[in-house]
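Heads up: the sequence shown at position 313 corresponds to 313 in UniProt numbering, and the numbers run straight through without jumps.
Even glycine gets a Cβ: it sits at the ideal position worked out from N, Cα and C.
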Amino acid sequence: MTVSRIGLVVHAGRPAAVAAADAVREWCAGHDVGCSDIDVWQEGARHSAREEVDSAGDPDLIVTLGGDGTFLRGARLAAENDALVLGVDLGRVGFLTEVPAPAVRAALDAVYEGRYEVESRMLLTMRASCPLGVPPHMADLVRYGRGPMLPPPRVRGECTVGDDWGVALNVAALNDVVLEKLTRDRQVSVGVYIAGQLLASYSADALLVATPTGSTAYSFAAGGPVVSPRMEGLLFTPVAPHMTFDRSVLAAPDEPIAFRVLERSGQAAVSIDGQVRGVLNPGDWIGVYASPRRLRAVRLGPMDFYGRLRERMNLTDAPAAVADGQAAPLWPVRSAPPGDLGHLALPTSPDDPPPHR
1 MTVSRIGLVV
11 HAGRPAAVAA
21 ADAVREWCAG
31 HDVGCSDIDV
41 WQEGARHSAR
51 EEVDSAGDPD
61 LIVTLGGDGT
71 FLRGARLAAE
81 NDALVLGVDL
91 GRVGFLTEVP
101 APAVRAALDA
111 VYEGRYEVES
121 RMLLTMRASC
131 PLGVPPHMAD
141 LVRYGRGPML
151 PPPRVRGECT
161 VGDDWGVALN
171 VAALNDVVLE
181 KLTRDRQVSV
191 GVYIAGQLLA
201 SYSADALLVA
211 TPTGSTAYSF
221 AAGGPVVSPR
231 MEGLLFTPVA
241 PHMTFDRSVL
251 AAPDEPIAFR
261 VLERSGQAAV
271 SIDGQVRGVL
281 NPGDWIGVYA
291 SPRRLRAVRL
301 GPMDFYGRLR
311 ERMNLTDAPA
321 AVADGQAAPL
331 WPVRSAPPGD
341 LGHLALPTSP
351 DDPPPHR
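And the structure:
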């Protein structure tokens with residue numbers, strides 16, 4: 001793929017991100033590649049992903065400079081434009097970003113010369129019983145963070161609308177869709193359906209559907225499992241449920257998960273990748289399912305997800321396990337795997353030539 005225009009999403013509150021953005025602009029000027037800043041925070045009002053990528057001249061590569069939150073904002077834009085996304089890591093606990101800031105020029109060289117792979121990540125989308133929105137009198141109550149709120153998700157006009165299936169919303173969530181209580185003193189009461197069948201009715205602080213990518217975000221903090229980002233599936237996790245069954249459920253990728261706000265529940269906020277996008281009343285529902293669109297993330301080498309998990313979560317070895325010495329790897333990387341293991345995703349020898357791209 002030829003990169004002709006780059007869109008920059010920068011965490012302006014971090015000096016290192018601002019400096020890295022200058023390096024990207026200089027690189028673009030030296031390679032005759034267009035470059036536009038996509039300012040998603042500082043104009044006083046937020047715009048839809050379509051408006052933002054249009055104003056940036058339809059970039060074919062989105063470069064994010066910050067942590068996972070910045071990457072999520074860039075992913076929303078990339079999914080809208082079917083663009084590639086490259087995350088430059090300036091965060092603290094991130095799993096999504098690809099390259100450290102000092103290597104940003106080398107990373108852009110690799111992309112420009114075609115020395116990269118595209119990793120396809122699952123996205124979530126939604127239908128709802130009604131278009132989502134936040135009532136004006138509730139905007140201050142549900143506003144999170146320092147910046148203005150995103151506009152409500154657009155209704156996809158090309159999709160069928162009906163009482164049974166609701167309205168299709170223009171949503172592309174990389175991490176999760178969350179239904180959460182609005183007031184501290186009242187949980188939400190929600191019927192949870194998987195593949196059209198009632199699983200249970202929950203009273204909880206929140207309920208969420210996460211992708212495998214999002215399993216290490218809110219779902220993990222709520223006690224959910226770590227899921228390989230290479231998997232396909234929808235991960236349902238209740239948050240502080242007032243019931244005995246508090247486990248996560250991993251559904252198949254073709255099994256949609258629906259939340260219906262029950263009659264005696266309070267109002268509930270709908271958050272998409274951490275951004276509040278609507279408020280539901282009793283009787284309203286949302287259905288979350290795998291999107292036909294995919295996120296196309298740039299990978300410059302194999303992603304060491306489990307090594308990153310160990311590092312970012314500060315995992316340590318059990319003292320009893322290493323009492324007699326240092327634990328050894330299950331498979332050494334000094335030689336190539338034998339033939340009967342060659343089809344598996346195992347470490348390769350440092351002496352092996354790099355894979356053909």
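| query | Pick from R260, V10, S201 and A240: whose alpha carbon is nearest that of F220? | reply | In the sequence shown, counting from the first residue as 1, residue 220 sits at position 220. When each option's Cα is compared against that of F220, the closest is A240.
| Below 9 Å between beta carbons: does that hold for V134 and P152? | As a working mapping, residue 134 is identified with position 134 in the sequence shown. As a working mapping, residue 152 is identified with position 152 in the sequence shown. Taking 9 Å as the Cβ cut-off, V134 and P152 qualify as a contacting pair.
| request: Please state if the CB of R46 and the CB of L150 are separated by a distance shorter than 9 Å. | output: Against the sequence shown, residue 150 aligns to sequence position 150. Against the sequence shown, residue 46 aligns to sequence position 46. In this structure, L150 lies near R46, with their beta-carbon atoms less than 9 Å apart.
| said: According to DSSP, is N170 part of a helix, a strand, or is it coil? | reply: Your numbering for residue 170 matches position 170 in the sequence shown. The three-state reading of DSSP puts N170 in strand, counting E and B together.
| query | Which of the three DSSP states, helix, strand or coil, is assigned to P15? | reply | Taking the sequence shown and counting its residues from 1, one reaches residue 15 at position 15. Assignment of P15 by DSSP, reduced to helix, strand and coil, places it in the helix class.
| query | In terms of residues, what are the limits of the beta strand (DSSP E) holding D176? | reply | For this step, residue 176 is matched to residue 176 along the sequence shown. Run containing D176: D176 to K181, per the beta strand (DSSP E) assignment.
| field | 8 Å contact criterion, which P212 and P229 should meet: CB distance rounded | value | Residue numbering aside, residue 212 sits at position 212 when the sequence shown is read from its first letter. Residue numbering aside, residue 229 sits at position 229 when the sequence shown is read from its first letter. With a Cβ gap of about 5 Å, P212 and P229 count as contacting.
| task | Identify which residue in C28, T64 and G30 has its Cα closest to the Cα of I38. | result | As a working mapping, residue 38 is identified with position 38 in the sequence shown. Of the candidates C28, T64 and G30, T64 places its Cα closest to the Cα of I38.
| task | Report yes if the CB atom of residue 388 is closer than 9 Å to the CB atom of P238, and no otherwise. | result | For residue 388 there is no data in the structure shown, the boundaries of the chain being 1 and 357.
| Going by other Cβ atoms of all chains shown within 10 Å of its Cβ, with 16 needed for buried, is G94 buried or exposed? | For this step, residue 94 is matched to residue 94 along the sequence shown. Looking at its Cβ environment, which holds 16 or more other Cβ atoms inside 10 Å, G94 is buried.
| Among P59, I272, G162 and A106, which one has its Cα closest to the Cα of V171? | On the sequence shown, position 171 is the one that residue 171 refers to. Of P59, I272, G162 and A106, the residue nearest in Cα terms is I272.
| said: Less than 9 Å between the beta carbons of F71 and V53, yes or no? | reply: Position 71 of the sequence shown, counted from the first residue, corresponds to residue 71. Position 53 of the sequence shown, counted from the first residue, corresponds to residue 53. No. Outside cutoff.
| With a CB to CB cut of under 7 Å and the five nearest residues on each side skipped, what residues in its chain are close to P225? | Your numbering for residue 225 matches position 225 in the sequence shown. The residues S215 and S248, in chain order, have a CB closer than 7 Å to that of P225 in the same chain once the five nearest residues on each side in sequence are set aside.
| said: If I measure Cβ to Cβ from A79 and keep anything under 7 Å in the same chain, skipping five residues before and after, which residues do I get? | reply: Position 79 of the sequence shown holds residue 79. Only L123, A172, R293 and L295 meet the Cβ criterion.
| query | In terms of residues, what are the limits of the alpha helix (DSSP H) holding S219? | reply | Start at 1 with the first residue of the sequence shown, and residue 219 comes out as number 219. DSSP places S219 in the uninterrupted alpha helix (DSSP H) bounded by Y218 to A221.
| Contact belief for K181 with A268 at Cβ below 8 Å, rounded distance in angstroms | On the sequence shown, position 181 is the one that residue 181 refers to. On the sequence shown, position 268 is the one that residue 268 refers to. Their Cβ separation, rounded to whole angstroms, is 6 Å, which keeps K181 and A268 in contact under 8 Å.
| query | Which partner residues of S203 appear in the DSSP bridge assignment? | reply | The residue given as residue 203 occupies position 203 in the sequence shown. S203 pairs with S189.
| Endpoints, the alpha helix (DSSP H) within which S55 is located | Numbered from 1 along the sequence shown, position 55 holds the residue referred to as residue 55. In this chain, the alpha helix (DSSP H) harbouring S55 covers A49 to S55.
| message | I need the straight-line Cα distance from Q187 to P131, nearest angstrom please. | response | Here residue 187 refers to the residue found at position 187 of the sequence shown. Here residue 131 refers to the residue found at position 131 of the sequence shown. Distance between the alpha carbons of Q187 and P131: 23 Å.
| query | Given S120, which residues of its chain have a CB within under 6 Å of its CB, disregarding the five upstream and five downstream residues? | reply | For this step, residue 120 is matched to residue 120 along the sequence shown. The beta carbon of S120 is closer than 6 Å to those of R294 in its chain, skipping five residues each way along the sequence.
| To which residues of the same chain is D205 closer than 7 Å at the C-beta, ignoring the five residues directly before and after it? | Translated into the one-based positions of the sequence shown, residue 205 becomes position 205. Taken in chain order, the residues that qualify are E180, K181, Q187, V239 and A240.
| request: Tell me whether E180 counts as near the ligand ZN, meaning its Cβ is closer than 8 Å to at least one heavy atom of that ligand. | output: Ligands displayed in this structure: none; no statement on the ligand ZN is therefore possible.
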